[in-house]
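Novice: Protein chains in written order, with this note's numbering: chain A, 584 to 757; chain B, 17 to 343.
In this text, a Cβ means the ideal position worked out from N, Cα and C, and glycines have one as well.
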Amino acid sequence: MTAAKEQATQKEYDDIPGTFVFDADRSRQGYYLNMFCMSLMKAENRKAFKENEAVYLDRFALTPQQREAILRRDYNRMLELGGNIYFTAKLGATDGHSFQHIAAVMTGATQEDYAKMMLAGGRSVEGNRSKSARHAPAKPATRKAAGKSTAKAGAKSSPRSAAKRAKKAGSKRG
Amino acid sequence: MARIIAGVTSSHVPAIGAAIDLKKTEEPYWKRVFSGFEKSKEWMANAKPDVVIAVYNDHASAFSVELIPTFALGCAAEFPPADEGWGPRPVPVVKGHPALASHIAQSVILDEFDLTIVNKMEVDHGLTVPLNLMFGSPAQWPCPVIPLAVNVVMYPPPTGHRCYMLGRAIRKAVQSYPEDLRVVIMGTGGMSHQISGPRAGLINSKFDKAYLDGLSRDPKKLTRISHMEFMREAGAEGIEMVMWLIMRGALDDKVKEVYRFYTVPASNTAVGHIILENIERKTKARRPAPVRQSPSKGRRAAAHAPSLPSPASGGGRGGGLVVGSKR
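1. The beta strand (DSSP E) that contains Tyr72 of chain B, what's its start and end?
2. Just checking: is the beta-carbon of Met263 of chain B within a distance shorter than 7 Å of some beta-carbon in chain A?
3. The beta strand (DSSP E) spanning Leu164 of chain B covers which residue range?
4. Count Cβ pairs between the region 181 to 195 of chain B and the region 97 to 105 of chain B that sit closer than 8 Å; are there 3 or more?
5. Counting only the same chain and skipping the five closest in sequence on each side, list residues whose C-beta sits under 6 Å from that of Thr86 of chain B.
6. Just the chain A side, please: which residues come within less than 7 Å of Leu218 of chain B by C-beta, in chain order?
7. Expressed to the nearest angstrom, what Euclidean distance is found between the alpha-carbon atoms of Ser208 of chain B and Val145 of chain B?
8. Checking contacts by CB at 7 Å: is Lys722 of chain A closer than that to chain B?
9. Check the Cβ of Asn667 of chain A against every Cβ in chain B and list those closer than 9 Å, keeping chain order.
10. Just verifying my parser: in three-state terms, what is the DSSP assignment at Ser51 of chain B?
11. Assuming the contact rule is C-beta atoms closer than 8 Å, Leu662 of chain A and Gly213 of chain B should be a hit. Round their C-beta distance to whole Å, please.
12. Taking just the CA atoms, how far does Glu128 of chain B sit from Glu253 of chain B?
13. Thinking Gly203 of chain B and Val71 of chain B are a contact (beta carbons under 8 Å), I'd like their distance in whole angstroms, please.
14. Just to confirm, are Met263 of chain B and Ile186 of chain B a CB contact at a threshold of 7 Å?
15. May I ask you to report which of helix, strand or coil DSSP gives Ser192 of chain B?
16. Look at the alpha carbon of Ser310 of chain B and the alpha carbon of Gln156 of chain B, and state the distance between them as a whole number of angstroms.
17. Does any C-beta atom of chain C lie closer than 7 Å to the C-beta of Pro235 of chain B?
18. Can at least three beta-carbon pairs, one atom from the region 624 to 643 of chain A and one from the region 688 to 707 of chain A, be found at a separation below 8 Å?
19. At a CB distance below 9 Å, what residues from the region 244 to 261 of chain B approach chain A? Give them in sequence order.
20. Do Asn148 of chain B and Ile36 of chain B count as a contact pair if the criterion is CB distance below 7 Å?
21. Quick one: residues in its chain with C-beta nearer than 7 Å to the C-beta of Gly183 of chain B, no 5 flanking neighbours on either side, listed in chain order?
22. Candidates B:Tyr180, B:Val258, B:Thr285, B:Pro65: which alpha carbon is nearest Arg19 of chain B's?
23. Take every Cβ of the region 620 to 628 of chain A, pair it with every Cβ of the region 277 to 291 of chain B, and state whether three or more of those distances are shorter than 8 Å.
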């Protein structure tokens with residue numbers, strides 16, 4: 584299928600598991616959420632935010648859901664509500680966390696376990712291509728493995744539990 | 017006449033920059049990554065380009081959600097490193113080449129690529145990490161750098177085909193610049209990675225290696241990869257590999273692969289790196305070997321590898337490079 588034809592099909596990418604594609608709809612929905620994150624590039628704003636998060640958030644026209652997601656540091660929910668990872672990472676940095684820490688949080692793993700997975704070659708694409716399984720790997724021999732690894736990979740784990748489990752991990756800029 | 021002598025792809029993982037800044041490059045984890053670029057730095061030192069065009073993406077540093085240009089060409093005289101929340105990286109200010117940049121802008125716009133001209137811009141790790149990997153950490157970057165920022169943050173980025181065609185327009189633009197400049201073009205970012213959502217950590221080495229092969233031998237095939245396929249196979253953020261096709265489009269159809277390196281992981285990402293040289297046309301007079309070249313370095317490299325008469329080095333002064341590949 585050509586690129587043009589695929590893009591004509593609305594939101595085909597929602598079929599990719601564990602993924603929130605930052606498209607025009609999300610960009611519109613998440614405008615103030617992302618602009619809040621952008622404001623954290625300034626030291627004085629980081630300070631003001633840390634002093635009183637709720638008051639600082641009043642500066643931005645956030646939805647109640649977005650506010651809650653920010654206060655709870657629910658990174659998957661932020662993405663779902665229009666946040667983009669390069670922006671929300673600035674919130675993570677304000678908390679003193681590295682990109683890898685935030686990535687681990689979103690997968691529901693501790694940073695240590697996540698780093699181990701990466702060292703072992705990362706999360707396999709097998710079983711993580713498609714929610715509908717319409718895009719199973721080409722070779723029949725690998726199909727079984729694909730089915731199994733979906734559960735293991737944690738791509739479907741819930742954002743809530745992800746945030747809870749990964750709270751303790753953390754290091755700077757790793 | 018200016019000409020593009022070679023193209024390079026390089027990772028831009030922010031943690032690589034942090035490892036350099038925090039002096040962690042000798043730690044085993046990072047040494048594995050940095051060792052893959054030792055030959056590359058040697059190659060770059062021999063190639064001595066007059067200008068580098070760096071195709072990269074901004075990570076919500078210069079451009080927020082207020083303004084999202086698909087292609088933005090840096091025409092300023094200098095580009096300071098951005099404060100990405102940790103203070104600006106301790107790297108030199110990037111000096112531009114406003115005359116060549118404006119010439120490229122004019123030429124490609126008349127070729128129907130409506131890019132955005134940027135006269136004030138800070139540059140983040142997306143640009144400075146690749147410079148570190150190719151030049152090391154000098155007090156000043158050894159040559160001017162023209163940044164070309166591509167939107168890969170908000171979907172959809174430009175298609176691979178569009179990127180490839182822009183590369184071709186850039187090649188034409190460079191070739192019509194009167195000054196005799198030797199230009200290296202860099203495509204940065206990649207390879208497979210996803211850093212957002214529950215699927216974060218995705219790596220697809222098979223896809224990556226096929227992509228590197230295609231880049232070297234059959235780039236037109238890569239221009240047919242759809243955005244869906246990129247995201248599905250190489251991760252939501254792996255889509256940034258479209259940027260490499262601008263680099264590739266700017267090179268000749270047939271190129272010589274002189275070096276390759278691949279490793280997993282750097283933080284959340286697969287690192288892929290390739291150096292492709294345009295094959296010098298026989299009809300052109302070669303430049304005489306300049307005297308400033310250190311002969312001992314060239315000889316040392318030649319001892320380990322077949323000496324390649326490197327066109328990138330202007331002929332005759334090249335230290336050969338191992339065509340290497342890891343994993």
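Specialist: Here's the rundown:
1. 67 to 72
2. no
3. 161 to 166
4. no
5. Asn167, Pro174
6. Gly705, Arg706, Val708, Asn711
7. 18 Å
8. Any reading at Lys722 of chain A must be qualified, since the residue scores a pLDDT of 47, below 50, and its modelled position is unreliable; the value itself is stated next. Closer than 7 Å: no.
9. Ala76, Val81, Val169, Met170, Ser212
10. helix
11. 6 Å
12. 28 Å
13. 5 Å
14. no
15. coil
16. Low confidence applies here, because Ser310 of chain B scores a pLDDT of 45, under 50, leaving its location unreliable and the question unanswered by this model.
17. In the displayed structure, chain C is absent; the protein chains listed are A and B.
18. no
19. Met244, Glu245, Met247, Arg248, Glu249, Ala250, Gly251, Ala252, Glu253
20. yes
21. Leu261, Ile262, Met263, Arg264, Gly265, Ala266
22. B:Pro65
23. no
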